[in-house]
Each structure stands twice: as C-alpha cells, then as structure tokens.
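Residue numbers (my numbering): 140 to 523. For glycine and all other residues, C-beta sits at the position ideal for the given N, C-alpha and C. Working notes, beginning with the structure itself.
Take a look at the structure:
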C-alpha cells in the first residue's frame, strides 16, 4: 500500500516538486500545545512539502505532554503535521501565526482541538469528514462486497458535492481548499484520490478554481504552479475538455442511471436498474416535511393515471425516523425505499430545485433532471 499511496500523493501536497521555505531572519511561526496520555511517545513536527516529508523537530513527551515547535516564517501557505506513530494532525501555516493544538493519544488524529487558526479549524472539519467517509466505505466493502464499488462511487460523489460547494468554492484562496483537493480514501489497499482531475471533468474544474484564486493571492508560488500544472494536464485530455461543457446536474441523455439499491418497509431490496422497460419517476421525499400529505395525494393521482401504461414511482425517503417512514408508506402502491446510508447524494446533492424528481425512460436513462421538469404530467406522457 505504501508505494501506491506515495504515487497518489505525487499529485498534491506531497507531490514530486521543489519547495523552498522562504525565511525572514528573526520571524517565526509557532505550533504548541499538549498531547494527553502520550507519556514517553515521540512527537514529530514535519513539513509536508511538494518533494515529500521532512522532519523539522521532535520531542519525547513527558507526563504533561506539552510541546512547542517553531520554524522560519513562510511567505505562502505551507503544510505541516504533528505525528506520533501513525496518528497525524495536519496543520496549515501562513506567515508568523501561532497555532495551539490540544489532543489525546492514541486517537489524536480525530480527538483534538485547534485554537488561533481559522484555516486549521476548517482542515480539522475536512479531516473528520474524510475519516467518516473512509469508515463508511470500509463498512460497505465488508457488508456488501457484491455492489460495494457502486455504493462507494455514490458516497464519493456526494462527498465531492459537499466539499466543493461548502468549502472549496466558498473560499478557493484558502489553504484548507488546497488541502481538500488532495484528500483520499483507501480502497482495496490502494489510495484513491477523492478529487481526480485525470478522470473527471468536474474535478478538474474544482482544481482550476483553486488554481485561479491562488494565482491571484499567491502568484509565483510553487504550490500555485503545481495547481496550474495539474489543471492543464487534465485539460489536455480531449474527453475531459469536451465534458466540461456539460452541466453539473445529471442529464440522462448523456448517462444511464446510477443505481440505488435500497430496501423497502418489508426489508426487500430494490434496484433502479431492475426497472428497465418502464418509465420511472425517481422521487426523493421527506414525509415529515410540511406539505407532504398534499404532495403524496398528487403522486397518487399520477400513479393511478399512468401506472397501467408503464409508469413506476421509485420514492426514496430522506426522513430521519425510519419507523415514522414505515407508517407513512404502508398503504402506498408504488416502490418506497429508505436511504440510511447516504447513497442518494449522487442525485440530491447536485439538484438545483425542489421537489427532487428525475424521469427515467424505458431504456433506464435519466432524461430529465429536477430543473428540466416544467410540467410533470406532460413529461411523463412523452415518455410513455
């Protein structure tokens, strides 16, 4: 696994390149704090540079676990880490700031707090999200190996939608946005980049947004150039260049369905792919939401009108209370399933309007996304 992860990292934070920490005599940044329950452990303070890791300092912790590291001022955002064995806390530094870290070993990678740095609070949020995603993926591969790849792809897609929308696009000039670009999960003992501009045009767009912003805020820096190189390399792939003209929201004229293997209120698993030959109304609904009763009545009218001609409704509940959902769907005639794993995010995250409805033709292709549906009844008529 080591050599695979190393190859993945080449693209980003520990990619092959040259990095020089710009110093200014007498000016330094500081990282201090304490690690509880780590007596006699060696805490390393390492630079996470484009050419790899390098140790700046280390200390053998006493019973109190206090530590204090410092190094020369950096002129552009740089990345460092605190490490005891395999437990790592990532830190971004810009200029001469002081960052305070309080953690507890041996779960310091997740059980820590950081003070004095907005950037590092965000990096912690992203790190915890990554840990949670990794745990979900491991559970899926352990419990559902037959369809694990499909489920993991959906989870990763939802993760990317969340991180790009709520972190990267909000503040692309930030160090935490750069950090987010190079997060990864381990699948089958191999590291897999979450954002991979060599395989996904939308990922290349995310890289490009950060590259453009860093070019404005940190012109000429090695990391800015690194981002430009990665983005340009992705754009050289003609397939990706052409794909960049496509909308982010699912357009099924261009793609088939992403399957949603979910269980109904009796525990029976259903698949969108099993409905080939039917026109499918894929509906993501919250039964506990205001107006749900009236909405379900309208769905009943559509179902009664078109079911005999080949319409099927595949309604995915996004409710938090599974027991409440089971009561609500007990008498509904169409397929009702419950998403307790988050795989629906591949459809719900990019949706730009409510309600979240997709229309799938008899060939099992999504032909209308939520923002493309103006008159639902007319659109169904066209497909039947």
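Which residues mark the beginning and the end of the beta strand (DSSP E) in which residue 406 is found?
Counting along the chain, residue 406 falls outside any beta strand (DSSP E), and DSSP gives it neither H nor E.
Beta-ladder partner(s) of residue 169, from DSSP:
209, 237
Residue 469: buried (16+ other C-beta within 10 angstroms of its C-beta) or exposed?
exposed
What three-state label does DSSP hand residue 93 in the structure shown?
In the structure as shown, the chain starts at 140 and stops at 523, and residue 93 therefore has no counterpart that could be examined.
Assuming residue 343 is part of the alpha helix (DSSP H), what are its boundary residues?
340-356
Shortest alpha-carbon distance to residue 297 belongs to which of 229, 269, 316, 223?
269
Which of the three DSSP states, helix, strand or coil, is assigned to residue 293?
helix
Taking residue 185 as part of the alpha helix (DSSP H), name the residues at either end of that continuous run.
Element bounds for residue 185: not the alpha helix (DSSP H) but the beta strand (DSSP E), 181-188.
Where residue 441 falls: helix, strand or coil (DSSP):
helix
On the DSSP bridge assignment, give the partners of residue 466 in chain order.
In DSSP, residue 466 forms no bridge with anything.
Do residue 170 and residue 120 have their beta-carbon atoms positioned less than 8 Å apart in this structure?
Examination of residue 120 is not possible in this model, given that the chain is present from 140 through 523 alone.
DSSP has residue 318 in a bridge; who is on the other side?
In the DSSP output, where bridge partners are listed per residue, residue 318 has none listed.
Let's test the definition: count the other Cβ atoms within 10 Å of the Cβ of residue 454 and tell me whether it reaches 16, buried, or not, exposed.
buried
For residue 445 and residue 500, I'd like the C-alpha separation in whole angstroms.
14 Å
With DSSP collapsed to three states, give me the class of residue 454.
strand
Residue 422 - DSSP class collapsed to helix/strand/coil
strand
With distances taken between CB atoms, is the gap from residue 218 to residue 318 smaller than 8 Å?
yes
For the pair the segment 290-304 and the segment 238-250, tell me if three or more CB-CB distances fall below 8 Å.
no
Three-state secondary structure (DSSP) of residue 427
coil
How is residue 226 classed by DSSP in three states: helix, strand or coil?
strand
Go ahead and label residue 422 buried or exposed: buried means 16 or more other beta carbons lie within 10 angstroms of its beta carbon, across all protein chains shown.
buried
What three-state label does DSSP hand residue 259 in the structure shown?
helix
Specify, as a first and last residue, the run of the alpha helix (DSSP H) that residue 304 falls within.
Looking at the DSSP string, residue 304 is not in any alpha helix (DSSP H), and its letter there is neither H nor E.
Identify, in the order they occur along the chain, each residue of the same chain with its Cβ nearer than 6 Å to the Cβ of residue 335, setting aside the five sequence neighbours on each side.
342
Spatial neighbours of residue 461 within its chain, please: C-beta separation below 7 Å, excluding the five flanking residues on both sides.
477, 479
Straight-line gap, residue 471 to residue 507 (C-alpha atoms, nearest Å)
24 Å
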